[in-house]
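A.B. asks: Per the working numbering: the sequence shown = residues -18 to 289.
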Amino acid sequence: MNAPLTVCLAVCLTAGALTFAGCSSETSAGAAPSELRFSVLPDFHKTETDANAEQLARVLTAKLGMPVRYVAANSYPGAVDNLLSNKVDFVWLGGKTTCDAIDAGDGHVHVLATRDIDLAFKSYFIANARSIAAGKVGPMQDLAELGAKTKDLVFTFGDRSSTSGHLMPRYFLMQAGIDPNADFASMGYQLAGGHGATLAAVASGAADLGALNYGHYDGAEPTTRAAAPIVWTSPEYVDYAWVGHDRVGGDVLARITAAFTGLDPSRPEDAAILATWSVKQRFLPAQDSQWDSIRKVRDSLPKNFWDR
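Right under this line is the structure:
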């Protein structure tokens, strides 16, 4: 693995109790809700995502002592909008969309919890096995090794709003002196299907090279991975998080955080949830400031980039 990014992408977990600035049951408008609703970023297969979310809803209902309902999101921006428009109370987001929600929330949106693996997340760059055999691309210590080879390569990102499938891979390419928009023979995005679509595109040869969430790749079928081997592993960065809106009250947000961080791998039902969400050991409490490094990368792109 490459060395972790320098200070601009360092991850810092602050010890102590988690607090939500300007957020308490006294300051929240209205009484505590009788039901909680949540969405999940649609970056994996929809059927699997929905089943996993429904399982989580049942467990959280028991732990929180109130109904918890899953509301599907149809896109990355849609997951953020569900939270901001009061369609849901908390949501599972990636690094970029976490920053988007915090910024658009005007002080009312806060990170609740993150997986242990999200404090040291990474992307894989994968290449089509036939393209490797033909000498078009191969394993690299540094993305700069692509050099002039990019002009003969078809490259695919994942969803434009994906942190591990687009934002950070684009950042690493640009740091290596490669402009994805100009230097590849062709460059595109997977408009549906999440990281699985990126893997399928590279494995099939529709793209020579692509970037995706390392966890999705590691969980794929061996034959699919063999058709699209890893050629470069990125430095680490912070990524996914549960994010909530303080209209439900600080006490409720704190209870949601406690429900996630209290999932115990020694209890079978909790262990099933942790496994489903690819948690190594535990969910951890988190603070908004831990995503500042992702915001800096997002904001390093032209201001109109995300409007396309």
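Beta carbons: idealized from backbone N, C-alpha and C, even for Gly.
Source: prediction; values computed, not measured.
Go ahead and pull the three-state DSSP assignment for Pro58.
C.D. replies: Pro58 falls in the helix class under three-state DSSP.
A.B. asks: Rounded to a whole number of angstroms, what is the C-alpha to C-alpha distance between Val183 and His226?
C.D. replies: If I take the Cα positions, the gap works out to 38 Å.
A.B. asks: Looking at the strands, I want to know which residues DSSP matches up with His226.
C.D. replies: In the DSSP output, where bridge partners are listed per residue, His226 has Val90.
A.B. asks: Does Val49 come out as helix, strand or coil in the three-state DSSP assignment?
C.D. replies: Residue state, collapsed to three classes: strand.
A.B. asks: In angstroms with no decimal places, state the Cα-to-Cα distance between Met(-18) and Tyr105.
C.D. replies: Low confidence applies to Met(-18): its pLDDT is 38, below 50, so where it sits in the model is not reliable, and the reading given next is rough at best. Going from the Cα of Met(-18) to the Cα of Tyr105 covers about 10 Å.
A.B. asks: With a cut-off of 8 Å, do at least 3 Cβ pairs link the segment 111 to 120 to the segment 154 to 166?
C.D. replies: Judged by Cβ distances under 8 Å, the segment 111 to 120 makes no contact with the segment 154 to 166, as fewer than three pairs qualify.
A.B. asks: Is it the case that the Cβ atoms of Ala209 and Leu172 are separated by a distance below 8 Å?
C.D. replies: No; because the gap between Cβ atoms is not below 8 Å, this pair is not in contact.
A.B. asks: Count the CB pairs spanning the segment 113 to 126 and the segment 48 to 58 that are closer than 8 Å, and state whether there are at least three.
C.D. replies: Flag = no, the segment 113 to 126 and the segment 48 to 58 do not touch.
A.B. asks: With a threshold of 16 other CB atoms inside 10 Å of the CB of Gly139, please say whether the residue is buried or exposed.
C.D. replies: Classification for Gly139: buried.
A.B. asks: Can you determine whether any heavy atom of the ligand NAD sits closer than 7 Å to the C-beta of His91, and answer yes or no?
C.D. replies: As far as ligands go, the structure on display features none, and thus does not contain the ligand NAD.
A.B. asks: Considering only their Cβ atoms, is the gap separating Val278 from Met149 smaller than 8 Å?
C.D. replies: Yes, the Cβ-Cβ distance between Met149 and Val278 is below 8 Å.
A.B. asks: What does DSSP give as the partner residue(s) for Val135 in the beta ladder?
C.D. replies: The partner list for Val135 (beta bridge, DSSP) reads Ser167.
A.B. asks: When burial is assigned at 16 or more other CB atoms within 10 Å of the CB, is Cys(-11) buried or exposed?
C.D. replies: With a pLDDT of 41 at Cys(-11), under the threshold of 50, the modelled position of that residue is not reliable, and no figure is offered here.
A.B. asks: Taking the straight line between their C-alpha atoms, what separation do you get for Val290 and Ala207?
C.D. replies: No statement about residue 290 is possible, as the shown extent of the chain runs from -18 to 289 and does not include it.
A.B. asks: Taking 8 Å as the threshold (C-beta atoms), are Trp258 and Arg141 in contact?
C.D. replies: No, Cβ-Cβ distance for Arg141 and Trp258 is not below 8 Å.
A.B. asks: Terminal residues of the continuous alpha helix (DSSP H) containing Tyr198?
C.D. replies: Tyr198 -> alpha helix (DSSP H) spans Tyr195 to Asp199.
A.B. asks: What's the C-alpha gap between Thr78 and Gly174?
C.D. replies: Going from the Cα of Thr78 to the Cα of Gly174 covers about 17 Å.
A.B. asks: Which value, in whole angstroms, describes the spacing of the CA atoms of Ile107 and Pro249?
C.D. replies: So the alpha carbons of these two residues sit roughly 35 Å apart.
A.B. asks: In the DSSP assignment, the beta strand (DSSP E) including Arg111 goes from what residue to what residue?
C.D. replies: Where Arg111 is concerned, there is no enclosing beta strand (DSSP E), although the alpha helix (DSSP H) it sits in stretches over Ala110 to Ala114.
A.B. asks: Hey, would you say Asp24 sits closer than 8 Å to His147, going by beta carbons?
C.D. replies: No. Outside cutoff.
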